[in-house]
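Protein chains in written order, with my numbering: chain D, 11 to 901; chain S, 400 to 510.
In what follows, a single structure is set out as structure tokens and then discussed.
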Amino acid sequence: MSWLSRIGNVFRRRSHVQEIDREIAFHIQEATDRLEAEGMPPAQASQEAARRFGHQPTVRERVRDVDIYLWLESLLGDLRYAVRTLLRAPGFTVVAVVSLGLGIGANTAIFSLLNAVILRSLPVARPEQLVKLTMGSETNDVFTNPLWEEIARQEEIFAGVFAFSSQRFNLAPSGQARLVDGAYVSGGFFSTLGVGAEAGRLLAAADDQRGCPAVAVASYGFGRSEFGDAAHAVGQIVSVGGQPFSIIGVAQRSFTGVEIGRSPHLYLPICTEPLIDGGKGALEERSNWWLQLMGRIPPAGSEAQVVARLGAVSAELFRATLPGDWSTEGQQNYLKRTVTAYPAATGLSEVRARYRMALMILMAVVGVVLLIACANVTNLLLARAAARQRELAMRMAIGAGRGRIMRQMLTESILLALLGGGLGVLFARWSTTVLIELIGQRGGQVALDLSLDGRVLGFTLLVALLTGVLFGVAPAWRSVRLDPQVVLKSGGAGATAGSSTLTAGKLLVIAQIALSLVLVATAGLLLGTFRSLSTLSPGFHPEGVYLAEVQFGSLDMPEEQKPVVAAALLERMRNSPGAPSASASVITPVSGRGWNSFLLTQGYHPSGKHDNLVWFNGISDRYFATMGTAIIAGRDFTGQDGTTGPRVALVNQALATRIFGKVSPIGKTIWVHNEQAEPPMEVIGVVEDAKYQSLRDSVAPTVYVPWRQAEHFGSLIYEVRSNLPPAEAVAGILAAAAAVIPSASLEISTLPGQLADSLARERLMATLSGFFGALALLLALIGQYGTMAYNVTRRRKELGIRVALGATRGGLVRLVLGEVGRMVVIGLALGTLATFAGTRLVTAFLYARTPLDPLTLVIATLAVAVVSVAAGAIPAVRASRQDPQSVLREE
Amino acid sequence: MTRPRNDILQGTLVLLILRTLAVQGKVHGYAITDHIHRVSAEQLRVEEGSLYPALHRMEQEGWVKAEWGTTEKNRQARFYSLTAAGRKELVQEQERWTRLTQGVGRVLRFA
Numbered sequence: 011m012s013w014l015s016r017i018g019n020v021f022r023r024r025s026h027v028q029e030i031d032r033e034i035a036f037h038i039q040e041a042t043d044r045l046e047a048e049g050m051p052p053a054q055a056s057q058e059a060a061r062r063f064g065h066q067p068t069v070r071e072r073v074r075d076v077d078i079y080l081w082l083e084s085l086l087g088d089l090r091y092a093v094r095t096l097l098r099a100p101g102f103t104v105v106a107v108v109s110l111g112l113g114i115g116a117n118t119a120i121f122s123l124l125n126a127v128i129l130r131s132l133p134v135a136r137p138e139q140l141v142k143l144t145m146g147s148e149t150n151d152v153f154t155n156p157l158w159e160e161i162a163r164q165e166e167i168f169a170g171v172f173a174f175s176s177q178r179f180n181l182a183p184s185g186q187a188r189l190v191d192g193a194y195v196s197g198g199f200f201s202t203l204g205v206g207a208e209a210g211r212l213l214a215a216a217d218d219q220r221g222c223p224a225v226a227v228a229s230y231g232f233g234r235s236e237f238g239d240a241a242h243a244v245g246q247i248v249s250v251g252g253q254p255f256s257i258i259g260v261a262q263r264s265f266t267g268v269e270i271g272r273s274p275h276l277y278l279p280i281c282t283e284p285l286i287d288g289g290k291g292a293l294e295e296r297s298n299w300w301l302q303l304m305g306r307i308p309p310a311g312s313e314a315q316v317v318a319r320l321g322a323v324s325a326e327l328f329r330a331t332l333p334g335d336w337s338t339e340g341q342q343n344y345l346k347r348t349v350t351a352y353p354a355a356t357g358l359s360e361v362r363a364r365y366r367m368a369l370m371i372l373m374a375v376v377g378v379v380l381l382i383a384c385a386n387v388t389n390l391l392l393a394r395a396a397a398r399q400r401e402l403a404m405r406m407a408i409g410a411g412r413g414r415i416m417r418q419m420l421t422e423s424i425l426l427a428l429l430g431g432g433l434g435v436l437f438a439r440w441s442t443t444v445l446i447e448l449i450g451q452r453g454g455q456v457a458l459d460l461s462l463d464g465r466v467l468g469f470t471l472l473v474a475l476l477t478g479v480l481f482g483v484a485p486a487w488r489s490v491r492l493d494p495q496v497v498l499k500s501g502g503a504g505a506t507a508g509s510s511t512l513t514a515g516k517l518l519v520i521a522q523i524a525l526s527l528v529l530v531a532t533a534g535l536l537l538g539t540f541r542s543l544s545t546l547s548p549g550f551h552p553e554g555v556y557l558a559e560v561q562f563g564s565l566d567m568p569e570e571q572k573p574v575v576a577a578a579l580l581e582r583m584r585n586s587p588g589a590p591s592a593s594a595s596v597i598t599p600v601s602g603r604g605w606n607s608f609l610l611t612q613g614y615h616p617s618g619k620h621d622n623l624v625w626f627n628g629i630s631d632r633y634f635a636t637m638g639t640a641i642i643a644g645r646d647f648t649g650q651d652g653t654t655g656p657r658v659a660l661v662n663q664a665l666a667t668r669i670f671g672k673v674s675p676i677g678k679t680i681w682v683h684n685e686q687a688e689p690p691m692e693v694i695g696v697v698e699d700a701k702y703q704s705l706r707d708s709v710a711p712t713v714y715v716p717w718r719q720a721e722h723f724g725s726l727i728y729e730v731r732s733n734l735p736p737a738e739a740v741a742g743i744l745a746a747a748a749a750v751i752p753s754a755s756l757e758i759s760t761l762p763g764q765l766a767d768s769l770a771r772e773r774l775m776a777t778l779s780g781f782f783g784a785l786a787l788l789l790a791l792i793g794q795y796g797t798m799a800y801n802v803t804r805r806r807k808e809l810g811i812r813v814a815l816g817a818t819r820g821g822l823v824r825l826v827l828g829e830v831g832r833m834v835v836i837g838l839a840l841g842t843l844a845t846f847a848g849t850r851l852v853t854a855f856l857y858a859r860t861p862l863d864p865l866t867l868v869i870a871t872l873a874v875a876v877v878s879v880a881a882g883a884i885p886a887v888r889a890s891r892q893d894p895q896s897v898l899r900e901e
Numbered sequence: 400m401t402r403p404r405n406d407i408l409q410g411t412l413v414l415l416i417l418r419t420l421a422v423q424g425k426v427h428g429y430a431i432t433d434h435i436h437r438v439s440a441e442q443l444r445v446e447e448g449s450l451y452p453a454l455h456r457m458e459q460e461g462w463v464k465a466e467w468g469t470t471e472k473n474r475q476a477r478f479y480s481l482t483a484a485g486r487k488e489l490v491q492e493q494e495r496w497t498r499l500t501q502g503v504g505r506v507l508r509f510a
């Protein structure tokens, strides 16, 4: 019976028992035949045969006990023996377990991240029935409210459909803003997802009607942190965007929303949006795309059916919501759109889109780290198997089968791997908090559940078992191939297998050097990218600039009053202590917000479809002075520009070159080519290029207009450049706001912080790849050192003789280092080839360097070379120090 | 369960099975009892309650291997045969048995 089928016996109880029963039945049949042949009548014969056999269930149980007991006993025996062997060599065991622990821990940690971000289904009922709605491609997934209301009417297509919009709500009624993640949701949100209430009641269709009362549902976590517990939250009033909302219920504890990485604390009906954003809000706007839609496939239906039925009603949906103010061409394109559906069991996620590729690459990186760790352990085991030759030969001589010895050796390596796996889980647990910090997202921490669920633990177990087999097979195989006779006769350690052990060991060290070069080079590229991005000159000077955002939309004052107050606040800020330079704008650089339109001018014909798609910002006077962007030609806005008189604009150099070529744009007239007809503007100045959407993108052609000229006036961000200590600078801003608009609440941040947030993914990649690169190097160093130390010990006698014959210490060191050098050179050569192939994977993450950046490769190669040679040099020097007399006398 | 008086001495069963398999080659459990019963001139009867656990234990030890096959009466049966380790074990068991019987014989003669 094979080892596997024995394991099977324990778990496949039924078929095992059936097999025993078949055997017993056969026996009784044969006995019956015999009795019949002796003349007994058939019926009596079978009875007699069964009687003579004895009590069948007892026999069956005894047979079964034998099978299982002996298997368990031999397993326990192997385990006991393995534990004893490992305890006898504590140094070896610790190095092996820690190497594996680091390798497996890295894999577990990255996998738990991958699991949380990509693999895990939403914590709702039957998540596989959920789909998200899009227009055409999978990423085109935001809808207008009129369009949503049309789709909501098609409810018979779904077993529930809902809309939602992730938001950050401000809970502070005035003063400094207090932001929490939240969402506007339609009435069918909770019922479609099948989420229950922890306390009170959840939002229903009746709550989501025009002019609805200001009610909210809190998350379980919010209920607890704000009001002590879920039940107390019901009936409480919270201020959201300055408006009082009453909490009608608390959602089920396990529910964390439908977006991975962002868990809303407050759910507001979509109909309350105008209360917070002011004015008429976005409910009637046919060009305001802000809602995401999800539906549940009916139990009897399929995704294909839902897609087909959505396709059939699409024309009707878009006809009913056609934006009247669009150009004819725009309207025609609008009518051609179709609504379709994609599977959404794992929910929606901005974090996932941003980190998917990064996590895959990190998974590959930790896989390589684990390989290096495995190579280490294999090397240690090989060396130890050589040292254990006598023991094994002895066991074989007294009758242990080769299979038995191999099984014993494999039990040892799997035990090592499981210990490593256990340690790895501890490492992973500890590291997940660090990982969450690293994966940050704009304006807050990412909400990810990195608990080690069954899938993660299963993954770890599988990885541990696989690694155990991977690094255990070679040493086990080698150890049973010895001829016990030869080993026992040779008397000493390292007879026949010695030299081949060494060759295998050297090959592993070469592989380690090669693999660690790949990781170090990759880390170098990613670290270099992060450094370039965080030190590049973005076209403005972020240091010392504070950003204060004020939502004018929800302020309780007449609309025409708001711009006046906004301007007054700017003046007040400029007169704050320290007399800072201050300005205001609709958009700040690298904030994730953008505003673009097609631009036209006299005599300009765009050559490509998007050639004249340019970016806009609405700004106050002295914006460029505050940001530290130079005005190259013409003049800045004045405080009066944009209020009355002709419309004016400043453009950046990129735009001047793109649209006007070599001609000076100053004095030229430009206009927006939009769905709506916009009045023309006169260009009054040209400014230095500055980054707009991201630090990575090349500078986009940009038009700056006075903020009063901007499309809609919802919020303004004040930039304040201050030399005061942070606390005083913030206090100054808050005091100015309190004096001008006491009811306003300000969200204060810093421009350098905003830039750093935008590089979160780069920071994650750089930090982790740097860490794993260093880890790879450390593991390779241990492996190299171990191999050389073992090698030198084995050659003690030879080296002693050389010294006795007059070799100098320097000569000995050179001799040993020569060997190290050969391994390092081969390893680096192979590593360079592997790097050429491997770094191509990170191309998309690099900035201002190719995957084969020569400087990075040279530095990485040098780093690996220095570490490897150093690891080999220590045993070399030690070898040269030994006293030849004492070595030779040992014999 | 009462033991029949002609039950086989504990420990010798393994030896008898090994020997039977060495002579008979590949046989099933019933044939083993039958063979022992016949060859011992009906002096020894192997109790089934001991035979099958013993066979399975020997399989675990690697002395015998088992596989399902068909008898001449076209019945499915589990056939046992000796392994190399089983042959070695047989030699050792035989030596042990000889020493034991010689020892017991001497004691009976001189005691």
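Positions of the beta carbon are idealized from the N, C-alpha and C atoms, including for glycine.
Whole-angstrom distance between residue j and residue i, CA atom to CA atom
i	j	result
A483(S)	A119(D)	49 Å
A474(D)	G482(D)	12 Å
E492(S)	R508(S)	24 Å
S759(D)	M833(D)	53 Å
A484(D)	P452(S)	36 Å
P599(D)	D218(D)	36 Å
R437(S)	V445(S)	11 Å
L124(D)	V740(D)	39 Å
S890(D)	K807(D)	12 Å
R439(D)	I884(D)	35 Å
A507(D)	V361(D)	Annotation note: pLDDT 43 at A507(D) (below 50); position unreliable, no value reported.
Bridge partners - residue i, DSSP secondary structure assignment
i	result
G259(D)	G210(D), V227(D)
Y277(D)	A193(D), V227(D)
P861(D)	BP columns for P861(D) are empty, so no partner.
Q475(S)	T469(S)
M691(D)	I680(D)
is_contact[residue i, chain S] using C-beta, thresh 8 Å
i	result
T68(D)	yes
T506(D)	Annotation note: pLDDT 41 at T506(D) (below 50); position unreliable, coordinate value reported separately. So, not an interface residue.
E961(D)	Nothing about residue 961(D) can be read from this structure; chain D reaches only from 11 to 901.
F39(D)	According to the sequence provided, residue 39(D) is Gln. The question's Phe does not apply to it. Interface residue, yes.
D77(D)	yes
W487(D)	no
Residue i - containing alpha helix (DSSP H), residue span
i	result
Q892(D)	Careful: Q892(D) lies outside any alpha helix (DSSP H) and carries neither H nor E.
D767(D)	761-768
N606(D)	Where N606(D) is concerned, there is no enclosing alpha helix (DSSP H), although the beta strand (DSSP E) it sits in stretches over 606-611.
CB contact below 8 Å: residue i versus chain D
i	result
G428(S)	yes
L498(S)	Checking the displayed sequence, the identity of residue 498(S) turns out to be Arg instead of Leu. It does not; no Cβ of chain D falls within 8 Å.
A440(S)	no
G448(S)	yes
Y479(S)	no
R474(S)	yes
Element boundaries [beta strand (DSSP E), containing residue i]
i	result
V555(D)	555-561
M145(D)	140-145
Segment contact flag, the stretch 66-83 of chain D with the stretch 397-409 of chain D, C-beta cutoff 8 Å, min 3 pairs:
no
So does the stretch 689-696 of chain D actually touch the stretch 650-668 of chain D, counting three or more Cβ pairs closer than 8 Å?
yes
When you compare the stretch 540-551 of chain D with the stretch 759-773 of chain D, are there three or more beta-carbon pairs, one atom per stretch, that lie closer than 8 Å?
yes
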